[in-house]
Structures are given as structure tokens and as C-alpha cells.
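Residue numbers (the working numbering), protein chains in the order written: chain A, 27 to 140; chain B, 3 to 113.
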């Protein structure tokens, strides 16, 4: 049971380039999330999705775009990468049931923008 | 919105108990979680507590909830070097499916 996979695990790109980070779940959890993790800020929510074709902005969505055409995939695109987007990016999924909203996290993608 | 606060670092000696504290602001928080992040990995749920509980124990882990003071703590008994990680407190308010995370507490266990 692979759970959540993210690719690539490491990426170096240049300022101004478009970058897409992939997230795939082997389940069919309704809710998926993208976070970035930075020193001193902890986890900050970028975008989330309640189901296929339903997405919404989080706390730090500027400069990012998401799509969710299939339940199992939730790619995150940096339209024109900036140095401030150097971070570790985590994808997560949850069932969204009333009893327990535990989030399952992927291993993360470390992105460096030069 | 909800604000969740944690101290950034905690250092303990192997074999001692560790207590990681968390305060939150939203009194309607219904689920409170502790996640553990090991180096180079994503977060994993360690334990959780419902807001109608005061305490939950799971082997070496004890979670205490003081709703009046909006204070959550995680106690790790007999701390081992393998417990070295970042611990995140998270809360979920009624009707929401998006948890609010604290900044994480780095637990350093030394011999």
C-alpha cells in the first residue's frame, strides 16, 4: 500500500521557470492538500481540494496553481518560480469523514529556486 | 482564525520524560492531534484526542487536554533517541476539514 507519493523528491530550477510538483494517492480519499514547510513558519496551506474539480485557496496561494481532474492526482504548479518559493512541499490526503479527519502526508518535495 | 502556538525546541536526556506543550485559541476545536515528523519524511499522525476527553494514554504517550486554558500537552515517557523529531500540534474545529498546525517543536534527545 503505497499511500501518497510525490515526485520529484528533489528539484532545482531557475527563477522564472514553470515547475509542476506531482502528488498521487493510491486510495480514493476525497480531500487533498498542498502545504509548504519553511523554518520559522511551520506548515502553511497553499491549496486544498474537496473532490475532483473542486479546489480552493489556502493561506499562501499566490504564485501557485492546482488542478484535480482525477481524484487520485493533485499537481501543484509554480507558474513562474521565485526564490521565495524555495521550500519543502508536502501533499496530504484525508478521508474527510465526520469521525476522524486524519491527514496522510507524502514524503515531500524539496524545491530550490536559484 | 485559529492560532496554534508551540515552543520551537525541547532538549531532554535519554530515559527522561519529555513534555511538549501547545496552546490554541479556538474554543470550538473538536479534534486535537499530535503529528511526528522524522528527518526527511512527511508528517505522521501520532495520536489524537477528542475535545470531550481530558486525557488519553497510549503506551509511552500521554495526551492531556485542558479545555479551560486551551492547552494541550504530549508527554513521552522514557524518551529514546528514536523519539528525536519535530512534533506538530494541530486542531480541527467543528464543521471544518482543514486542520490548523502549530509551527512544530523540535525534540532533541541526547545520551
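We put the CB at the ideal spot given by N, CA and C, even for glycine.
Original post:
What residue range is occupied by the uninterrupted beta strand (DSSP E) comprising residue 57 of chain B?
Top reply: 57-60
Original post:
Is there at least one Cβ from chain B nearer than 7 Å to residue 133 of chain A's Cβ?
Top reply: yes
Original post:
Just how far apart, CA to CA, sit residue 69 of chain A and residue 43 of chain B?
Top reply: The C-alpha of residue 43 of chain B is placed about 14 Å away from the C-alpha of residue 69 of chain A.
Original post:
Should residue 116 of chain A be flagged as near chain B, meaning a C-beta pair shorter than 7 Å?
Top reply: yes
Subject >> Meets three-Cβ-pair contact criterion under 8 Å: the segment 8-25 of chain B and the segment 50-57 of chain B >> reply: no
Subject >> Within chain A, the residues that residue 47 of chain B reaches when beta carbons sit closer than 7 Å >> reply: 128
Original post:
When the Cα of residue 62 of chain B is compared with those of B/102, B/27, B/20, which residue comes out closest?
Top reply: B/20
Subject >> beta strand (DSSP E) runs wholly inside the segment 55-94 of chain B, at least 3 long, in chain order >> reply: 57-60, 63-68, 73-78
Original post:
For residue 96 of chain A, which residues of its own chain have a beta-carbon under 7 Å away from its beta-carbon, when the five flanking residues on both sides are left out?
Top reply: 78
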